[in-house]
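Peer 1: To start, I am sharing the structure in question, which I have written as structure tokens.
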Amino acid sequence: MTLTRGHLSSLEDEAIFILREVVATRARPVLLFSAGKDSIVLLHLAVKAFRPARLPLAIMHVDTGHNFPEVLAFRDARLAEVGEPLVVASVQKSIDDGRVVEERGPRASRNRLQSVTLLDAIAAHKFDAAFGGARRDEDRARAKERIISLRDEFGQWEPKNQRPELWELYNTHVRGAEHLRVFPLSNWTELDIWEYVRRERLAVPSIYFAHTREVFARDGLLYAATSAVTRLPGEVPIEAEVRFRTVGDMTCTGAIRSSARTLEEILRETATATVTERGATRADDKIGEAAMEDRKREGYF
Amino acid sequence: MATEQSTTDLLPPAPRRRALRCATAGSVDDGKSTLLGRLLLDAKAIMTDQLEHVEEASRRRGYARTDLALVTDGLRAEREQGITIDVAWRYFATPARRFVLADAPGHVQYTRNMVTAASRADVAIVLVDVRHGLVEQTRRHLFVTRLLGVAAIAVVVNKMDHVGYAYDVFAKVREDISSYLAALPLPGPIPEVTFFPVSALVGDNVVERSSATPWYDGPTLLSYLEGLDVEERASRGPARFAVQWVIRPQNETHPDYRGYAGRVLSGALRKGDAVTVWPAGLHSTIVRLETFDGDLALAPAGTALTVHLAGDHDVGRGDLISVDGEAQPTLSREIEADLAWVHPSQANVGVPYLLKHGTREVRAVLGAIVHVYDVATGAHTSGASGGLTMNGIARVQLRTADPVPVDAFATRRETGSFLLLDPASGATLAAGMVRS
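From first to last, the protein sequence lines are chains A and B. Be aware that the first sequence starts at 36, since it is given in the numbering used here, and climbs by one per residue. Be aware that the second sequence starts at 88, since it is given in the numbering used here, and climbs by one per residue.
Have a look at this one:
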């Protein structure tokens, strides 16, 4: 009988341990669910951690109002399957309430506005710990973040003053209006996620698989031609075979040319990729050297 | 339990071994970023967009060469000041294995970051400049690595090209380091130490074997890391299971269900094992090892699962389960330990702290500081006149409000370690290693 757990099971064990540590020690935990592949894995791990009981945490989606319809349909179907309610925090409502101002112009995105919506929702629901599916291999600022990451009363991340994280003794203490962001998938890579999706036979939204779609080119990325994005003169839609490597807001998430129509083909493509998933698909990270760090300081995921 | 097997033969299955966790220590001067850059580049773990980004950032700073440190130095302050201020985690894979690199900066807050990186490491990669040999910084690296009980140390003797690949210079460094490690006044087995004659710049013995060191017949650094066997260490020895959470659905399908969710910290649990629950000293038997994917007959170290015990007991979060007939933890309120202080505040004798051990938190008072270590030599400085401050390491005595089931850190890292927290702010103050 083997005494080793294997790569994916070790990652699973670690994530379940973290989920349970935080749920056991915080009063109002919430799991952020976008119906992207990482949060699909995260929700699956929460089910594994707490069944056969109801999930002892809330599930919330920050909806920019510019999400892919296929992804929203998937989100609702998955929640129904799990049998848990969903809290939706709406960026549109933040705009309507005057909490944030909609960006203007063809490059307008609601990506950055999400931070305000998220922090407002955390305050309104008195959440003191929010689980996210972020991974350290995604971005150089994320590579420096703790698994249990403290946010001050303004929701800000202070990268130079993080609690050291030692052994597997996770410090989940907060004071007053502070809260925790918790990243149980910190040590997973994009390839690990897909291998786990395959092993666990998890369903993912259809836009991860290659399909024919009207897209247009901008700044080296391919965007879906939708009413959410105003096209500049000369940005002519073309029909192409594409898939999405990340699932985010339609205004800042690019597609890649791909013919990967099955999980095996996605795995093959991921294993041989020469560009990171955010580099390949995210306009929001191309703004500056420390774009992610700056957003995270403001309370981003 | 799901198995790690591919459903098709198109692509190899996920690795059977978990990723190897490496802590790297050394400074830019030792050529650390060059070494890491070479490992990452040669393993193709730096993506095109990341490399373009680093090249562009180097150009903007007016550097003559691409500075591979910018791959890991992700924070604005680090890029602005040209220093590494925090541990960075990098992930890379070769066909043989996956790796996690925890890269600790060489200078700033050195001890605190090195303790963090080393606390979870299977192997520490320590860089030495062959021209300078065993300097103070290397002594610090080695001391912290030994203190944290890292099982294997890979000493990369770098810049061999600067000494004409001379064997005797390499051998002298090897001898100095071996005797320094053997003389350190710390308990526990001396780790497995392996030395590599390397030029990170040229690439000698990092990924490719070097023709410049015909006298060296050992493996390259990468093939050593790929072959290192560390995984079963935690599964040997006595079982420890920490209860995290009690699952009680209390619904119609599960009216009497009561499961103890937690993780096997070390050893292995088997169905039918007679067990003791600490600190209460309750005796019971494991009737079921449950996971979402089905029941297990045996759960090795690391497994997250739900344990069911015979009988009706008061068991809850913070309890520790051991298997009868194996070595038992020591139930104690008086703990002698080595503390690595990681917070800007100073340690105060007589002040109540929170001690976090496993999933349990108890009040604890720092009774006395026995001695402070000189981190650069490993020697004890007499008394504690300077006190214990950030980045300091000391032998201390602690008194806890309730008994804690501890093991000696030298034999069981998982239950021989603890944190001290500030009860008011919740801040992490110190990392503790139980000595007796």
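For each residue, glycine too, the CB sits at the ideal point set by N, CA and C.
Spatial neighbours of Arg198 (chain A) within its chain, please: C-beta separation below 8 Å, excluding the five flanking residues on both sides.
Peer 2: Only Arg181, Ile183, Leu185, Asn206 meet the Cβ criterion.
Peer 1: At a threshold of 7 Å, does Asp174 (chain A) count as lining the ligand NAP (C-beta to nearest heavy atom)?
Peer 2: Annotation note on the ligand NAP: not contained in the displayed structure, which lists no ligands.
Peer 1: So what's Arg103 (chain B) in DSSP terms, helix, strand or just coil?
Peer 2: Of the three classes helix, strand and coil, the one that applies to Arg103 (chain B) here is coil, per DSSP.
Peer 1: Quick one: which unbroken alpha helix (DSSP H) runs of 4-plus residues sit fully inside the region 114-146 of chain B? Chain order, please.
Peer 2: Entirely contained in the region 114-146 of chain B, the alpha helix (DSSP H) runs reaching 4 residues are, in chain order, 119-129.
Peer 1: Mind checking whether Arg226 (chain B) and Tyr197 (chain B) have CB atoms under 8 Å apart?
Peer 2: No. Outside cutoff.
Peer 1: Asn245 (chain B): buried (16+ other C-beta within 10 angstroms of its C-beta) or exposed?
Peer 2: Buried, because 16 or more other Cβ atoms sit within 10 Å of the Cβ of Asn245 (chain B).
Peer 1: Do Leu201 (chain A) and Leu506 (chain B) count as a contact pair if the criterion is CB distance below 8 Å?
Peer 2: Closer than 8 Å, so yes.
Peer 1: Given Asp172 (chain A), which residues of its chain have a CB within under 6 Å of its CB, disregarding the five upstream and five downstream residues?
Peer 2: Taken in chain order, the residues that qualify are Thr224.
Peer 1: Quick check: the Cα distance between Pro102 (chain B) and Glu421 (chain B), rounded to an integer number of angstroms?
Peer 2: One C-alpha to the other measures close to 43 Å.
Peer 1: Does the region 389-402 of chain B come close enough to the region 424-432 of chain B that 3 or more CB-CB pairs lie under 8 Å?
Peer 2: Too few Cβ pairs lie closer than 8 Å, so no.
Peer 1: By the 10 Å Cβ neighbour count, where 16 or more other Cβ atoms means buried, how is Thr502 (chain B) classified, buried or exposed?
Peer 2: Looking at its Cβ environment, which holds 16 or more other Cβ atoms inside 10 Å, Thr502 (chain B) is buried.
Peer 1: Taking Leu418 (chain B) and Gly454 (chain B) to be in contact with their CB atoms under 8 Å, please state how far apart those CB atoms are, rounded to whole angstroms.
Peer 2: So it is not a contact: roughly 18 Å between Cβ atoms.
Peer 1: Who are the neighbours of Ser206 (chain B) on chain A, taking C-beta pairs under 7 Å?
Peer 2: Within 7 Å Cβ-Cβ: Leu201, Trp202.
Peer 1: Looking at the unbroken alpha helix (DSSP H) that takes in Tyr311 (chain B), where does it start and where does it end?
Peer 2: 308-314 is the span of the alpha helix (DSSP H), which, as asked, contains Tyr311 (chain B).
Peer 1: Mind listing the chain B neighbours of Phe85 (chain A)? Cutoff is C-beta to C-beta under 9 Å, in chain order.
Peer 2: Near Phe85 (chain A) (Cβ distances below 9 Å), the residues of chain B are Trp332, Ile334, Ala348.
Peer 1: At the level of alpha carbons, what is the spacing between Ile291 (chain A) and Pro272 (chain A)?
Peer 2: Spanning the two alpha carbons is a distance of roughly 15 Å.
Peer 1: Name, please, each residue of chain A whose Cβ falls closer than 7 Å to the Cβ of Trp176 (chain B).
Peer 2: Those within 7 Å of Trp176 (chain B) in chain A are Arg171, Ala178.
Peer 1: Taking any Cβ of chain B, which residues in the region 198-230 of chain A have a Cβ under 7 Å from it, in chain order?
Peer 2: Listed in sequence order: Arg198, Pro199, Glu200, Leu201, Trp202, Leu204, Asn206, His208, Val209, Arg210, Asn222, Thr224, Glu230.
Peer 1: Give the interface partners of Asp48 (chain A) over in chain B, defined as CB-CB distance under 8 Å, in chain order.
Peer 2: Residues of chain B passing the Cβ test: Arg350, Gly389, Thr390, Ala391.
Peer 1: Along the region 427-443 of chain B, where does the CB come closer than 9 Å to a CB of chain A? Name the residues.
Peer 2: The region 427-443 of chain B vs chain A, Cβ under 9 Å: Ala427, Val429, His430, Leu441, Lys443.
Peer 1: On the DSSP bridge assignment, give the partners of Phe85 (chain A) in chain order.
Peer 2: Answer is none; Phe85 (chain A) lacks a bridge partner.
Peer 1: Can the beta-carbon of Ile373 (chain B) be found closer than 8 Å to that of Lys358 (chain B)?
Peer 2: Their beta carbons are under 8 Å apart, which means Ile373 (chain B) touches Lys358 (chain B) by this criterion.
Peer 1: What does the alpha-carbon distance come out to for the pair Ser69 (chain A) and Asp254 (chain A)?
Peer 2: Ser69 (chain A) and Asp254 (chain A): Cα-Cα distance of roughly 25 Å.
Peer 1: Quick one: what's Arg227 (chain B) bridged to in DSSP?
Peer 2: The partner list for Arg227 (chain B) (beta bridge, DSSP) is empty, contrary to what the question assumes.
Peer 1: Could you tell me whether the region 71-85 of chain A touches the region 224-238 of chain A, where touching means 3 or more Cβ pairs closer than 8 Å?
Peer 2: The region 71-85 of chain A is in contact with the region 224-238 of chain A.
Peer 1: So, Leu39 (chain B) versus Val293 (chain B), is the Cβ gap smaller than 8 Å?
Peer 2: For residue 39 (chain B) there is no data in the structure shown, the boundaries of chain B being 88 and 523.
Peer 1: Just the Cα atoms here: how many angstroms apart are Ala414 (chain B) and Ala355 (chain B)?
Peer 2: Cα to Cα, Ala414 (chain B) sits roughly 13 Å from Ala355 (chain B).
Peer 1: Tell me, please, whether the CB atom of Gly167 (chain A) is closer than 8 Å to any CB atom in chain B?
Peer 2: Taking Cβ atoms only, chain B never reaches closer than 8 Å to Gly167 (chain A), which makes this a no.
Peer 1: Verify the CB distance criterion: does Met36 (chain A) have a CB-CB separation below 8 Å to chain B?
Peer 2: With a pLDDT of 49 at Met36 (chain A), under the threshold of 50, the modelled position of this residue cannot be trusted; read the value that follows with caution. Yes, its Cβ sits closer than 8 Å to a Cβ of chain B.
Peer 1: How many angstroms separate the CA atom of Thr498 (chain B) from the CA atom of Gly275 (chain B)?
Peer 2: Distance between the alpha carbons of Thr498 (chain B) and Gly275 (chain B): 7 Å.
Peer 1: Would you mind working out which of A:Thr265, A:Leu204, A:Leu148 sits nearest Glu49 (chain A), comparing C-alpha positions?
Peer 2: Out of A:Thr265, A:Leu204, A:Leu148, A:Leu204 has the C-alpha closest to the C-alpha of Glu49 (chain A).
Peer 1: With distances taken between CB atoms, is the gap from Glu277 (chain A) to Ala308 (chain A) smaller than 8 Å?
Peer 2: Here residue 277 (chain A) is Val; the residue named in the question, Glu, does not match the sequence. No.
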